[in-house]
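S.K.: Could you have a look at this structure, given as structure tokens, before my questions?
2 protein chains.
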Amino acid sequence: MVGMRGAYGYNGNGNNDEGGVVGGEAEAEIAAMAVHKVAAPPAQSTASKLKARVKETFFPDDPFRGFKGKPLTTKWVMAVQYLFPILDWVPNYSFSLFKSDLGISYAKLASLPPIIGLYSSFVPPMVYAVLGSSRDLAVGPVSIASLIMGSMLRQAVSPAAEPLLFLQLAFTSTFFAGLVQASLGILRLGFIIDFLSKATLVGFMAGAAIIVSLQQLKALLGIVHFTTEMGLVPVMASVIHHTKEWSWQTILMAVCFLVLLLTARHVSMKWPKLFWVSACAPLACVIVSTLLVFLFKAQKHGISIIGQLKCGLNRPSWDKLLFDPTYLGLTVKTGLVTGIISLTEGVAVGRTFASLKDYQVDGNKEMMAIGLMNIVGSCTSCYVTTGAFSRSAVNHNAGCKTAMSNVIMALTVMVTLLFLMPLFVYTPNVVLGAIIIAAVIGLIDLPAVYNIWKMDKMDFLVCVCAFAGVIFISVQQGLAIAVGISIFRVLLQITRPKMMIQGNIKGTDIYRNLHQYKDAQRVPGFLILTVEAPINFANTNYLNERIKRWIEEESSAGNKQSELHFVILDLSAVPAIDTSGISFLIDLKKSTEKHGLELILVNPTGEVMEKIQRANDAHGHFKSDSLYLTTGEAVASLSTFSKMTTP
Amino acid sequence: MVGMRGAYGYNGNGNNDEGGVVGGEAEAEIAAMAVHKVAAPPAQSTASKLKARVKETFFPDDPFRGFKGKPLTTKWVMAVQYLFPILDWVPNYSFSLFKSDLGISYAKLASLPPIIGLYSSFVPPMVYAVLGSSRDLAVGPVSIASLIMGSMLRQAVSPAAEPLLFLQLAFTSTFFAGLVQASLGILRLGFIIDFLSKATLVGFMAGAAIIVSLQQLKALLGIVHFTTEMGLVPVMASVIHHTKEWSWQTILMAVCFLVLLLTARHVSMKWPKLFWVSACAPLACVIVSTLLVFLFKAQKHGISIIGQLKCGLNRPSWDKLLFDPTYLGLTVKTGLVTGIISLTEGVAVGRTFASLKDYQVDGNKEMMAIGLMNIVGSCTSCYVTTGAFSRSAVNHNAGCKTAMSNVIMALTVMVTLLFLMPLFVYTPNVVLGAIIIAAVIGLIDLPAVYNIWKMDKMDFLVCVCAFAGVIFISVQQGLAIAVGISIFRVLLQITRPKMMIQGNIKGTDIYRNLHQYKDAQRVPGFLILTVEAPINFANTNYLNERIKRWIEEESSAGNKQSELHFVILDLSAVPAIDTSGISFLIDLKKSTEKHGLELILVNPTGEVMEKIQRANDAHGHFKSDSLYLTTGEAVASLSTFSKMTTP
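Line order of the protein sequences matches chains A and B.
Just so we're aligned: 629 in our numbering is position 629 of the first sequence, and the numbers increase by one with no gaps anywhere.
Just add 1000 to wherever you are in the second sequence, counting from 1, and you've got our numbering.
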């Protein structure tokens, strides 16, 4: 092999300084073959590369592309419209649109929890209607974010013992949640929520649904002394230990309403046109149960009721925000977790409906809208709120077309707050529990779980871990475990990248994975490898050992006739390389040379080629005679040459 | 476009159930073209796939391949040799080899810190000589691991106030470090240390060198009341505040010896044959300075000396291991960090020299050896030890050939411990400080930093962060920040994968990146995109938005003649896909259909093809008429067809 390098000079790079050993005839033959040179991308300064990278990372949607080449006044109008999407649709808002929203808002009212929940269904929807860009998103408190907030705050403060402090902490956490959300949007870090994969969310939601349902056992069984813990084990223990407190009247009522609600749900799912059945069922249950309690004075027979609620709109609560250092860590952490979770739900729901109706939702703008909504909410006695899937689905089914639905809903809530509060006095807690269970049961998505199992066992593991973590450990830790596994899996893919031996598909110059394509055949004298990952610090050691072992196996297995001459490394699927990766290539080149082999690189992509060139400028390891554009061309040129020199 | 799907049936899959619109002539033309079918890899059970994955992740080096097909007795002998590499080389050990090791061990003795350091240079080398697989690695305490251990333990316990407790914690941490190291080796989790990239290590080492040097200012300037903190700012503040304590005799001595040592270092680097100059310089300095102090009674003139050290070998220290719950967290954490850091150094040094001499070091076996060495060490009054770069380099330069060098060194230390300790009484602390500075200055690798800057700006950022983090914040946090950035970068590459528009290189059927290859040309009617990353939860949102924007731009920009008909997604560089990725492909297929476009997938690799097939079984979105093996074939078939239908 030594001494034949000079012969590669034919690929038009002028590097044949060692003197060819090939005669005129052979040279002519080689010249007839089309061999293409590997090009480096056009030179760019570090600054301009950095700019492009930053743009692609933080502004992948190019939000200002509509602004280009417009006169200044138009730009101003567009900027205002960008910030306040309400201006986009209000001028076109007609009475027919209004009508379709009205019914829905009425239906949504049905599944409201008392006072703070009502407050939270009044202010935030108004804010979102002005700032939000999704037309279908119906905002309000959602079970999961409320659940996480409750469980995190309860670790430090008991809501029963210190109700005011607990309320302060909740408002403060909401404030931080809003701040986190708005910051993510403004800093264009929206991709952070992408790390919650579908598998994670499916498992998490199912676990959360069970945790929420378990909490309702207090109301459903009429237990008075219930555990404050959230896990499956302590709750079931508490339920079993307090069998004496079970009240048969409450249980009877619970079973009846639960069956009613679930039947309504089933009907609506089977015949989508009857969506209003499940939408109205909760309100109907509240009315019926309230009447029943009122008529039979059931509160005296062991059925607990909501009791007196004050009339009046949201009171301001900015004086309740608590930035005391003792609780600052707790509220920031709670805000961060609930903020990101509720954002994930809100943005995911917005995207789902946008894709159904084929319009685009700007993720980062949504985050700003939801964030501001929560900051305003925290100053007006509201919990953390976001776009809720079930409400938005009802909206969508009813054919609502603009964010006006949120305004209508807010107005309905306002009427309730001002005038209808006394009517809730006799509403039994058990019916609220039944409504919550019927609502969250929909979060357990068994077909999705089955689909995940069929598609990808690793995703299934993530899903199961999220689920088990939530019900057995805690809501935050379950989530953290699932995210951790998802990220670890991605890192593992990088650390142990796929490498394949390729072969030639007979009669073509296509080279493909030998394992996948049965009609692909080894080319004698060549070891053709593909690497399918960025080559970086995390995998150079592995690649190095793996490739050396392959070469070793080849060399020891091969007989005289098919002796190994060339190792081809196809870099088509290597999007990036770092300093460790370049050192690895240089090392590999040297060590293959020691074994009398030639290392050929095929089709390095832009960034990789650039760095190979830079390494060349310094050391000159990869001359253009070891770079080819396609495996086909490399094999053709090199084997022609091989035949000529080895008779 | 609608109604033309049936025509694709020609690629031999029998799916032409919609009835072709192409006449006999055209069909003949199409049949003449070679179109290859995309194959899925052969079916494998989940269990066998899992087995292969586990093998590739944890046993990439296939450590037992030599055992295959050997008789049982041979297998036993090989297993013993595998566990005790000493049996591999002892039978071949000759006197000539012995001689070449002796000189080195002598030289190594020179840079030893007192008592515990000496102990640590006695037992661990003996253990490593039996268990280790590297021939060049010289083990002993190293500056970085000692530094980290010191700084972490000092946060909880003051070594001056509670010396015994501090010693106990150090031994316990060493025990845990060994446990962590051995476990990583046994569980074959060696790849964890790969996450310390070269850039991280270069920055970290430079920062650590500066921190270590700063600590020596106490000895060099003769300051008595020195800060216990490690950072640049507090140390410099302490130095400036205590100018009154500076002792000119000490400073004079420090400058002289430092100049001497650095000159020796420089000489050895310039003429590698004179390696012994720098190897002997530290010992020479110790002897000369001790004599000077003894003769001039310098200890009475403000020069601090080591003082009395007890003769005798290592005392057992297993009774000093402290598993008290108060300190358990601290010692486990310290053990984890120092264990991983020292492992990284040891394995990296072993690999470096192995690759220089072209033999293989088994990373996982090394970890077990180093781990056991530290467990034994913790029971015999030793600090954490590992393979040290500087000592090993001296070994290598002197041409040592087996791990016997470690035995020789241990024996020399033994002699010192037994008989020579009284000679150190008058050794001034200042000379030890000078020796340490001269040693660690070599860890600042400016050429490597320059190389990283030239190669990869992001790696440079990692390097600078590690450096700045170490000198301004703390050793562990600097390291954590650098590792965090490295991993974040990898994740960012996944979250924002490279996508390229490809064009045809004139006169060939090669398709390449338009930006990189200037002679590549757009094919009218086609948008050819490549994705260069696994498609998973972390990037499906991005890919979705980005591709839709491209299609939108294409559609709005294109004139009638080059109207867009086909979107080709080249999946050659997509090594893996998860459930979110499959949903994304299905969504994209649907949304392109809405725009009257056809989505074509090209060359899905094994795993991806398998999942596409599974999705097909359920929904049938990707029939084989939208799957091609190469972009060339896809364009050829589809454009032939296009021409025929659009006159």
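Glycine is no exception: its CB is placed at the ideal position from the N, C-alpha and C atoms.
Please classify A/C311 as buried or exposed, where buried requires at least 16 neighbouring CB atoms within 10 angstroms.
M.R.: Burial call: exposed.
S.K.: Do you know how far the Cα of B/A1576 is from the Cα of A/H515?
M.R.: Each residue's alpha carbon lies about 16 Å from the other.
S.K.: Let me see if you follow: with CB-CB separation under 8 Å, is B/P1497 close to chain A or not?
M.R.: Interface residue, yes.
S.K.: Does any residue of chain D have a CB that is nearer than 8 Å to the CB of A/I115?
M.R.: Any reference to chain D falls outside this structure, whose protein chains are A and B.
S.K.: At what residues does the alpha helix (DSSP H) containing A/R614 begin and finish?
M.R.: Unbroken alpha helix (DSSP H) run through A/R614: 606-619.
S.K.: Pop quiz: B/L1196 and B/T1344 are said to be a contact at Cβ under 8 Å. What is the actual Cβ separation, rounded to whole angstroms?
M.R.: Right, the Cβ-Cβ distance comes to about 5 Å (below 8 Å), so this counts as a contact.
S.K.: Does A/E607 pass the burial test, meaning 16 or more other C-beta atoms within 10 Å, or should it be called exposed?
M.R.: Its Cβ being crowded by 16 or more others within 10 Å, A/E607 is buried.
S.K.: Less than 8 Å between the beta carbons of B/D1570 and B/V1602, yes or no?
M.R.: In contact: B/D1570 and B/V1602 (Cβ atoms closer than 8 Å).
S.K.: For B/K1623, does the three-state DSSP call read helix, strand or coil?
M.R.: B/K1623 falls in the coil class under three-state DSSP.
S.K.: Which chain B residues sit within Cβ distance under 8 Å of A/L443?
M.R.: Near A/L443 there are no residues of chain B at all, since even the closest Cβ is about 18 Å away, more than 8 Å.
S.K.: In angstroms with no decimal places, state the Cα-to-Cα distance between B/V1384 and B/V1332.
M.R.: Going by the C-alpha atoms only, they are around 13 Å apart.
S.K.: In whole angstroms, what is the alpha-carbon distance linking A/H242 and A/V224?
M.R.: Each residue's Cα considered, the two are about 9 Å apart.
S.K.: When the cut-off is 8 Å and only beta carbons count, does A/T172 lie next to chain B?
M.R.: False, the Cβ-Cβ gap to chain B never drops below 8 Å.
S.K.: Establish whether the CB of A/L153 and some CB of chain B are separated by less than 8 Å.
M.R.: Not an interface residue.
S.K.: Between the segment 1431-1438 of chain B and the segment 1254-1261 of chain B, do at least 3 Cβ pairs fall closer than 8 Å?
M.R.: Segments in contact, yes.
S.K.: Going by DSSP in three states, B/M1499 sits in which element: helix, strand or coil?
M.R.: Here B/M1499 sits in strand by DSSP.
S.K.: Whose Cβ in chain A lies nearer than 8 Å to the Cβ of B/I1582?
M.R.: Result: M455.
S.K.: Leaving out five residues on either side along the sequence, give the residues of the same chain with a beta carbon under 7 Å from the beta carbon of B/C1379.
M.R.: Within the same chain, B/C1379 has close Cβ partners P1316, S1317, W1318.
S.K.: Could you say which of A/S637, A/Y542, A/H595, A/E552 lies nearest to B/L1189 if we only look at CA atoms?
M.R.: B/L1189 has its Cα closest to that of A/Y542, out of A/S637, A/Y542, A/H595, A/E552.
S.K.: With a 10 Å radius around its C-beta and 16 neighbouring C-beta atoms as the bar for buried, classify B/P1124 as buried or exposed.
M.R.: It counts as buried.
S.K.: Going along the chain, which residues of its own chain have a beta-carbon closer than 8 Å to the beta-carbon of A/R546, five neighbours each way excluded?
M.R.: The residues are M499.
S.K.: Note down, in chain order, every chain B residue with its Cβ under 7 Å from the Cβ of A/N513.
M.R.: Here the neighbours are T1605, G1606.
S.K.: If you compare alpha carbons, which of B/A1348, B/V1255, B/I1510 is closest to B/A1520?
M.R.: Among B/A1348, B/V1255, B/I1510, the Cα nearest to that of B/A1520 is on B/I1510.
S.K.: Find out if the Cβ-Cβ distance for the pair A/I551, A/H621 is shorter than 8 Å.
M.R.: In this structure, A/H621 does not lie closer than 8 Å to A/I551 by Cβ.
S.K.: May I ask you to report which of helix, strand or coil DSSP gives B/E1633?
M.R.: In the structure shown, B/E1633 sits in a helix (DSSP, three-state: H, G or I).
S.K.: What does B/R977 pair with, by DSSP beta-bridge criteria?
M.R.: As shown, chain B starts at 1001 and ends at 1647. That puts residue 977 of chain B outside it, with no answer to give.
S.K.: For a cutoff of 8 Å on Cβ pairs, would you count A/V490 as touching chain B?
M.R.: Judged by the 8 Å Cβ criterion, A/V490 is in contact with chain B.
S.K.: Taking the runs of the alpha helix (DSSP H) that are 4 residues or longer, which of them lie wholly in the segment 425-503 of chain A?
M.R.: 429-440, 446-455, 457-468, 475-495, all fully within the segment 425-503 of chain A.
S.K.: How many Å lie between A/C463 and A/L201 at the Cα?
M.R.: Cα to Cα, A/C463 sits roughly 8 Å from A/L201.
S.K.: Applying the 10 Å Cβ sphere with the 16-neighbour rule, what's the burial state of A/H565?
M.R.: By the neighbour-count rule (16 or more Cβ atoms within 10 Å), A/H565 is buried.
S.K.: I want to see whether chain A comes within less than 8 Å of B/Q1516, judged by CB atoms only; does it?
M.R.: It does; some Cβ of chain A falls within 8 Å.
S.K.: Which residue marks the beginning of the beta strand (DSSP E) containing A/E598, and which one marks its end?
M.R.: Segment 598-602, the beta strand (DSSP E) holding A/E598.
S.K.: With 7 Å as the C-beta to C-beta threshold (strictly closer), list the residues of the segment 1193-1210 of chain B near chain A in chain order.
M.R.: Those would be D1194, F1195, S1197, K1198, A1199, in chain order.
S.K.: Going by DSSP, what residue range makes up the alpha helix (DSSP H) through A/G364?
M.R.: Checking the sequence shown, residue 364 of chain A turns out to be Asn, not Gly. A/N364 -> alpha helix (DSSP H) spans 363-378.
S.K.: Along the chain, which unbroken stretches of the alpha helix (DSSP H) at least 4 residues long are found entirely within the segment 1123-1195 of chain B?
M.R.: 1123-1131, 1143-1154, 1163-1186, all fully within the segment 1123-1195 of chain B.
S.K.: Would you give the residue range spanned by the alpha helix (DSSP H) that A/R265 belongs to?
M.R.: 248-270 is the span of the alpha helix (DSSP H), which, as asked, contains A/R265.
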